[in-house]
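When you line the sequence shown up against this note's numbering, it's residues 7 to 200, in that order. Glycine included, every Cβ here is placed at the ideal spot set by N, Cα and C. In this text the structure is predicted, and so the values were computed from the model without any measurement. Step one of this worksheet: look at the structure below.
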Amino acid sequence: DTFDGFERGKKLDIFYATMTQYDVELDVPFAFEPQDLRNTLGEYLSGLGRSQLRIAETEKYAHVTFFFNGGVEKPNPGEERILVPSPGVPTYDLKPQMSAPEVTKRVVAEVNKGTFDLIVLNYANCDMVGHTGVFEAAVAAVEAVDTGLGKVLEAMKNQGGMAIIAADHGNCEQMVDPESAEPYTAHTTNLVPV
């Protein structure tokens with residue numbers, strides 16, 4: 007209460023809390039207990055004796071492993087993982103294809119082997135390049151994913167497999183803020199079809 011940088015006006019009586027308990031070591035109030043997720047898709051398939059592969063480049067590796075497993079780092083029995091290094095560039099507009107060609111090559115090889123009952127794949131491009139706000143790079147990122155996904159789907163078709171394509175949010179489908187006309191670099195709340 008010794009702040010004198012400017013006139014603050016009436017001091018508000020505000021209670022702050024985090025959304026959930028992020029760490030038991032933090033002595034802060036939180037609104038919701040952490041959820042203990044059970045019977046995630048990976049856990050369920052593992053219980054059926056099914057094999058699964060998780061593959062992504064560095065930027066999205068945790069999304070196909072830790073997050074997809076409900077916050078559990080340890081792989082399920084029968085779950086294998088492939089981490090493809092992301093390119094070492096300062097920003098991904100400088101290499102919008104990122105590691106999509108290598109991820110695609112590895113996935114197609116695994117599909118053709120027919121070893122796995124489930125493959126969980128994440129292409130990082132549209133999200134990571136979308137955050138740069140560079141329209142031309144976002145177009146190249148989408149093209150890289152389109153090319154890679156086309157190869158994966160062709161391999162799946164040839165093996166008699168099925169694919170579900172989904173996303174948890176949008177990003178590079180809106181590269182310009184409609185109100186300011188400035189680059190838009192955040193996730194969007196646009197509907198993402200499955």
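Measuring CA to CA, which of the options is closest to residue i?
| i | options | result |
| --- | --- | --- |
| residue 60 | 49, 51 and 88 | 88 |
| residue 126 | 140, 110, 135 and 134 | 110 |
| residue 163 | 50, 9, 29 and 120 | 120 |
| residue 102 | 72, 172 and 136 | 136 |
| residue 84 | 123, 13 and 181 | 123 |
| residue 55 | 82, 155 and 152 | 82 |
| residue 39 | 19, 45 and 30 | 30 |
| residue 187 | 43, 78, 73 and 141 | 141 |
| residue 68 | 128, 13, 28 and 15 | 128 |
| residue 171 | 184, 195 and 155 | 155 |
| residue 168 | 32, 9, 28 and 117 | 117 |
| residue 43 | 71, 27, 77 and 37 | 77 |
| residue 27 | 41, 97 and 8 | 41 |
Are the CB atoms of residue i and residue j nearer to each other than 8 Å?
| i | j | result |
| --- | --- | --- |
| residue 75 | residue 48 | yes |
| residue 99 | residue 143 | yes |
| residue 200 | residue 178 | no |
| residue 134 | residue 65 | yes |
| residue 73 | residue 79 | no |
Using C-beta distances below 7 Å, list every residue in its chain close to residue i, excluding the 5 sequence neighbours before and after it, in chain order.
| i | result |
| --- | --- |
| residue 105 | 63, 90, 91, 92 and 93 |
| residue 114 | 157, 158 and 161 |
| residue 189 | 139, 181 and 182 |
| residue 173 | 198 |
| residue 51 | 58, 123 and 124 |
| residue 35 | 23 |
Three-state secondary structure (DSSP) at residue i?
| i | result |
| --- | --- |
| residue 165 | helix |
| residue 150 | helix |
| residue 141 | helix |
| residue 199 | coil |
| residue 38 | strand |
| residue 65 | helix |
Say the cut is 7 Å; is the CB of residue i nearer than that to a heavy atom of the ligand ATP?
| i | result |
| --- | --- |
| residue 60 | Although the ligand ATP was asked about, the structure shown includes no ligands whatsoever. |
Considering only residues of the same chain and omitting the five flanking positions on each side of residue i, which have a CB-CB separation below 8 Å?
| i | result |
| --- | --- |
| residue 194 | 175, 176, 177, 179 and 180 |
| residue 146 | 102, 103 and 135 |
Closer than 6 Å by C-beta to residue i: which residues in its own chain qualify, once you throw out the five before and the five after it? Chain order, please.
| i | result |
| --- | --- |
| residue 150 | 103, 106 and 131 |
Please decide whether residue i counts as near chain B, where near means a Cβ-Cβ distance under 8 Å.
| i | result |
| --- | --- |
| residue 29 | Of the protein chains in the structure, only one exists, and it is not chain B. |
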